[in-house]
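Residue numbers (UniProt numbering): 1 to 256. Where a beta carbon is used, it is the ideal one built from N, C-alpha and C, also for glycine. Everything numeric in this text was worked out from a predicted model, so none of it was measured. See structure below.
Rendered as structure tokens:
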């Protein structure tokens, strides 16, 4: 663990050194790529302004609400489709048709329905995150041993009991994988909606900085978005390890 952390810090230090040297040496015009020290200084200045924290709060609110809605809807839909005979075949073509549609293609619809508001962010976030979770839930339900499922049904266990004691424990690792994927996608779409549509948040602040020619501020906000994305992924990974602490794969990962 310490070795991996050291390598990670070394790689980050090398990247910062490169970004500092490239504009300083004149390889790239500083007007388009400010030195890393300038960007970090700008970021430090932005972090003490209440406007930045308000914008970041708006982004995290859209991310959290959208992810929660998508996760809840996808888990329920995935379990129902997975355990209902014939329903997966019936809905398969619809899922395969809707899933590849890029969420950004819904930007005109979101703008028409909600304008530059939280509703537009939620529409894009929910649509993108929903499919990430749904597909994993379907895989998880399909992994349930058919003999065990039929045995539970023959012994008179209710549908709820079968889901709770048989389907859910089997599907849970897949569900957590879907949540981890959806969390990252949801954050990307939250910032994208703000950047393109102008919904309140970090993306809108980046757009304002770009329009006003504040290049170092643009890079500083992009760096902040990256740091928040890393934090989101780390938090979901921690949740995944805690929820699946009983799973052999997680236990072996922790031991390593």
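DSSP places residue 137 in the helix class (H, G or I) of the three-state scheme. Rounded to whole angstroms, the gap between the alpha carbons of residue 56 and residue 217 is 15 Å.
With contacts defined as CB atoms closer than 7 Å, residue 171 and residue 132 fail to qualify as a contacting pair.
Between the alpha carbons of residue 80 and residue 21 lies a gap of roughly 56 Å. Around the beta carbon of residue 103, 16 or more other beta carbons lie within 10 angstroms, which makes this residue buried. Distance from the CA of residue 237 to the CA of residue 95, rounded to the nearest whole angstrom, comes to 27 Å.
Closest in alpha carbon position to residue 71, among 162, 135, 164, is 135.
Ranked by how close their Cα comes to the Cα of residue 15, the residues 31, 29, 35 have 35 in first place.
Shown here for residue 165: same chain residues with a beta carbon closer than 8 Å to its own, the five before and five after excluded, namely 152, 157 in chain order. In terms of Cβ geometry, residue 120 and residue 110 form a close pair [threshold 7 Å]. Shown here, residue 212 sits in coil according to DSSP, grouped into three states, outside any helix or strand. In this structure, the alpha-carbon of residue 173 lies about 29 Å from that of residue 192. Between the alpha carbons of residue 225 and residue 59 lies a gap of roughly 10 Å. When C-alpha distances from residue 180 are compared across 115, 17, 229, the shortest belongs to 229.
For a cut-off of 8 Å, the C-beta gap from residue 62 to residue 125 is around 6 Å, short enough to register as a contact. Residue state for residue 187 is assigned as helix, using DSSP reduced to three classes. The three-state secondary structure of residue 97, taken from DSSP, is helix. Pairing residue 223 with residue 12 gives a Cβ-Cβ distance that is not under 7 Å.
Taking a 10 Å sphere around the C-beta of residue 197, we find 16 or more other C-beta atoms and assign the residue as buried. Its chain contains 103, 124, 125, 128 as the residues whose beta carbon lies nearer than 7 Å to that of residue 189, once the 5 sequence neighbours on both sides are disregarded; these appear in chain order. Cβ atoms of residue 24 and residue 215 stay farther apart than 8 Å, at about 16 Å. In the structure shown, residue 32 falls within a coil segment according to DSSP collapsed to helix, strand and coil.
Burial state of residue 240 is buried, judged by a 10 Å Cβ sphere holding 16 or more other Cβ atoms. Taking C-alpha positions only, residue 75 is separated from residue 114 by approximately 26 Å.
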